[in-house]
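Colleague:
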Amino acid sequence: MSQRIALVTGGSRGLGKNAVLKLAAAGVDIIFTYRSQQDAARDVVAEIEKTGAKAVALQLNVSEIASFTEFAQQVKVQLKQEWGRDSVDCLVNNAGIGLYAPFAETSEAMFDELMNIHFKGPFFLTQQLLPLIADGGRILNVSTGLARFALPGYAAYASMKGAMEVLTRYQAKELGARGISVNSIAPGAIETDFGGGHLRDNEELNRYVASQTALGRTGLPDDIGEAIVALLSDNLHWMTAQRIEVSGGMFL
Ligand SMILES: NC(=O)c1ccc[n+]([C@@H]2O[C@H](COP(=O)([O-])OP(=O)(O)OC[C@H]3O[C@@H](n4cnc5c(N)ncnc54)[C@H](OP(=O)(O)O)[C@@H]3O)[C@@H](O)[C@H]2O)c1
694 MSQRIALVTG
704 GSRGLGKNAV
714 LKLAAAGVDI
724 IFTYRSQQDA
734 ARDVVAEIEK
744 TGAKAVALQL
754 NVSEIASFTE
764 FAQQVKVQLK
774 QEWGRDSVDC
784 LVNNAGIGLY
794 APFAETSEAM
804 FDELMNIHFK
814 GPFFLTQQLL
824 PLIADGGRIL
834 NVSTGLARFA
844 LPGYAAYASM
854 KGAMEVLTRY
864 QAKELGARGI
874 SVNSIAPGAI
884 ETDFGGGHLR
894 DNEELNRYVA
904 SQTALGRTGL
914 PDDIGEAIVA
924 LLSDNLHWMT
934 AQRIEVSGGM
944 FL
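For the sequence shown, my numbering assigns the number 694 to the initial residue and increments by one for each residue that follows.
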């Protein structure tokens, strides 16, 4: 079997970083993207290489749809140069931001930013990358627990993720003919830089979330990185069009 390669957006920090390190440790080579933090991306490449896996970091802003043709070209060149291949096996649409805004106070600019990053971007990026995803490959879209339960302040953000969950089923239906399975992972609240790191840094919020979680604590990046490795493993090749919540049982 040929070396597996995963392309992960937003691999420079947080859940994406954790996932690429865990995938690499499981023997998967990595292409990942960063938006602005080139130094952080360089450090992640070095950490991945320590596991013996290959890694390439590329700059990408997922809200700049006009840049996707050029980005796909860069992926193609890297695949040829580093692996002598013309496709990746897995695509993980992970890059994103947290933007807190109550429904009544959400501006059009906030809505558009969230839509571009969390829905329109992954929609057209995946479309652009289709020729570079191997037949029999995998797509994993990162959603959120907030698409199932409602917490004030996340109307626009969670709506975009909800749209991604619907898109996941359509992609699964339409790409099934190529043997590509498409699923979404919905993390609960996880301690990262997300949303200004408020879950990690605000003790009161952290305690509240833990009290509402069946397994009794907030989520950590490892919880999601490990789940992403498991969901992309060969053992789950027959699973498609599913939303898998990985939240420790938040707001049951
Ligand atoms: N943390 C949570 O509680 C939680 C829960 C459920 C779902 N999620 C979802 O999980 C995903 C990752 O979140 P995280 O917690 O890991 O966040 P994070 O720690 O803030 O990391 C965000 C990552 O996305 C990249 N990024 C941000 N905006 C981007 C853009 N416009 N274009 C391209 N890349 C961009 C960042 O790149 P730079 O480093 O270069 O800025 C970074 O690599 C997001 O889709 C988020 O919605 C998070």
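Quick reminder that beta carbons are idealized off the backbone N, C-alpha and C, glycines included. The structure presented is a predicted model; accordingly, all values stated were derived computationally and were not measured.
1. Could you tell me the alpha carbon to alpha carbon distance between PHE842 and MET943, rounded to whole angstroms?
2. PRO845 by DSSP, collapsed to three states: which one?
3. Does DSSP put ARG862 in a helix, in a strand, or in coil?
4. First and last residue of the beta strand (DSSP E) that includes ARG831?
5. Say whether the stretch 821 to 832 touches the stretch 771 to 780, bearing in mind that this needs 3 or more beta-carbon pairs closer than 8 Å, one atom from each stretch.
6. Tell me the residue span of the alpha helix (DSSP H) that contains THR726.
7. Go through its chain and collect everything with a Cβ distance to GLU740's Cβ below 7 Å, but skip five positions before and after it.
8. Taking the alpha-carbon of THR837 as reference, which of ALA882, PRO845, PHE816 and LEU925 has the nearest alpha-carbon?
9. Going along the chain, which residues of its own chain have a beta-carbon closer than 7 Å to the beta-carbon of ALA734, five neighbours each way excluded?
10. Assess contact between the stretch 904 to 917 and the stretch 932 to 940, defined as three or more Cβ pairs (one per stretch) separated by less than 8 Å. Is contact present?
11. Here's a check: name, in chain order, each residue in its chain whose Cβ is nearer than 7 Å to the Cβ of GLU858, leaving out the five neighbours to either side.
12. Taking 8 Å as the threshold, find out whether the stretch 811 to 818 comes into contact with the stretch 767 to 775 through three or more Cβ pairs.
13. Going by beta carbon distance, what residues of the same chain come within less than 8 Å of LEU792, once the five residues before and after it are set aside?
14. Locate the alpha helix (DSSP H) running through GLN731, then write down its first and last residues.
15. Does the Cβ of THR906 lie closer than 8 Å to at least one heavy atom of ligand 1?
16. State buried or exposed for HIS930, treating a residue as buried only when at least 16 other CB atoms are found within 10 Å of its CB.
17. Helix, strand or coil for LEU675 per DSSP?
18. Could you tell me whether any non-hydrogen atom of ligand 1 is closer than 8 Å to the CB of PRO970?
Modeller: Result, derived from the coordinates:
1. 9 Å
2. coil
3. helix
4. 826 to 835
5. Flag = yes, the stretch 821 to 832 and the stretch 771 to 780 touch.
6. Unbroken run through THR726 is the beta strand (DSSP E), 722 to 727; no alpha helix (DSSP H).
7. Its chain contains LEU714 as the residues whose beta carbon lies nearer than 7 Å to that of GLU740, once the 5 sequence neighbours on both sides are disregarded; these appear in chain order.
8. ALA882
9. Once the five neighbours on either side are set aside, the close Cβ partners of ALA734 are SER705, TYR727 and ALA750.
10. yes
11. SER836, ALA840, SER877 and ARG936
12. Below 8 Å, too few C-beta pairs join the stretch 811 to 818 and the stretch 767 to 775 to call them touching: fewer than three.
13. MET803, GLU806, LEU807, ALA849, TYR850 and GLY888
14. 731 to 743
15. Incorrect: THR906 has no Cβ contact closer than 8 Å to ligand 1.
16. exposed
17. With the chain represented from 694 up to 945, any question about residue 675 goes unanswered, as that position is not in the structure.
18. It is not possible to answer for residue 970, since the shown part of the chain is limited to 694 through 945.
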